[in-house]
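Peer 1: Just remember that my numbering sits 123 ahead of the position in the sequence shown, which is counted from 1.
Glycine included, every Cβ here is placed at the ideal spot set by N, Cα and C.
I'd like to ask some things about the structure below.
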Amino acid sequence: YHTRKTNPIEGSNDVEEVHFLGSGGLNRINMSTGINILPSLSLGINASLIFGNLSQDENSSFLNIQTNSRTSRINFDFGLQYSFNSNEKQITLGMVGGLKSSLTMHNSIKVINSDDKIVEDKGLLNTVMNVPMFLGVGIGVEKGTKLYWGVDYRFQKWSETVNKNNSYYKYCDTHNFKV
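Below you can see the structure in the form of structure tokens.
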């Protein structure tokens, strides 16, 4: 993102333009496997490496403030699937879930003055982002090889997540339906 804001300069009628530039994001690499416990019952597990870097620059005519946060973590989630035939249709029931986890963000800041001299360059306190548990269920019906329909529901309990850095935010649970 790139946004700008105009701030009044204290003690004068002048204004200063401040630019905010953000970049980065989180990435996920998955490795999945599954086994048949019974001919109709399968169990699956996903291992996900979550990693990334988030940066923000705040530029004014007096200072350039660069903040950076990086993280990496391995998460696990699971799935269970049961399939059976009924009236020439194959019916599949499924369930997925994942436990609560957290991402530790390693933060740093660098402040550069208008003469391009580094005024401050240090690590900041780590912050933790909690990711709540999730649970999902679904059903799929297949008739022959040309017709398939399915319905999925997934719930994630964000309301138990607390933002220790800012009490003004309140998180809401999510309910996702897919057809």
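Considering only their Cβ atoms, is the gap separating Leu203 from Val234 smaller than 8 Å?
Peer 2: Not in contact: Val234 and Leu203 (Cβ atoms no closer than 8 Å).
Peer 1: Does the separation of the CB atoms of Gly145 and Gln179 fall below 8 Å?
Peer 2: In this structure, Gln179 lies closer than 8 Å to Gly145 by Cβ.
Peer 1: With a threshold of 6 Å on Cβ separation, who are the neighbours of Arg196 within its own chain once the five nearest residues in sequence on each side are excluded?
Peer 2: If we look at Arg196 and ignore the five residues flanking it on each side, its Cβ neighbours are Ile173, Leu226.
Peer 1: Terminal residues of the continuous beta strand (DSSP E) containing Ile232?
Peer 2: Its beta strand (DSSP E) spans residues 224-236.
Peer 1: Using 8 Å as the Cβ pair cut-off and three pairs as the minimum, do the stretch 131-144 and the stretch 153-167 touch?
Peer 2: With a cut-off of 8 Å, the stretch 153-167 and the stretch 131-144 do not count as touching, because too few Cβ pairs lie within range.
Peer 1: Quick one: residues in its chain with C-beta nearer than 8 Å to the C-beta of Ile168, no 5 flanking neighbours on either side, listed in chain order?
Peer 2: Correct list, in chain order: Ser155, Thr156, Gly157, Phe199, Asp200, Phe201, Gly202.
Peer 1: Return helix, strand or coil for Glu133, following the three-state DSSP convention.
Peer 2: Glu133 falls in the coil class under three-state DSSP.
Peer 1: Quick one: residues in its chain with C-beta nearer than 6 Å to the C-beta of Ile232, no 5 flanking neighbours on either side, listed in chain order?
Peer 2: Excluding positions up to five away in sequence, the list reads Thr190, Leu247.
Peer 1: Buried or exposed for Gly147, please, with buried defined as at least 16 other CB atoms from any protein chain shown within 10 angstroms of its CB.
Peer 2: When all chains shown are included, Gly147 counts as exposed.
Peer 1: Distance check for Arg193 and Gly263, CA to CA, integer angstroms please.
Peer 2: So the two alpha carbons sit approximately 39 Å from each other.
Peer 1: With DSSP as the reference, label Ser146 as helix, strand or coil.
Peer 2: Residue state, collapsed to three classes: strand.
Peer 1: Residues in the same chain with beta-carbon distance under 6 Å from Pro131, minus the five sequence neighbours each way, listed in chain order, please.
Peer 2: The residues are Val138.
Peer 1: With contact counted as at least three CB pairs below 8 Å, one residue from each stretch, are the stretch 205-222 and the stretch 260-275 in contact?
Peer 2: Output reads yes: the stretch 260-275 touches the stretch 205-222.
Peer 1: DSSP on Glu304, reduced to helix/strand/coil?
Peer 2: There is no way to answer for residue 304, as the model of the chain reaches only from 124 to 302.
Peer 1: Tell me the DSSP bridge mates of Val251?
Peer 2: Note: Val251 sits in a beta bridge opposite Thr227.
Peer 1: Quick check: what's the CA-CA separation for Met165 versus Phe257?
Peer 2: Going by the sequence as given, residue 165 is Ser instead of Met. Roughly 20 Å between the two C-alpha positions.
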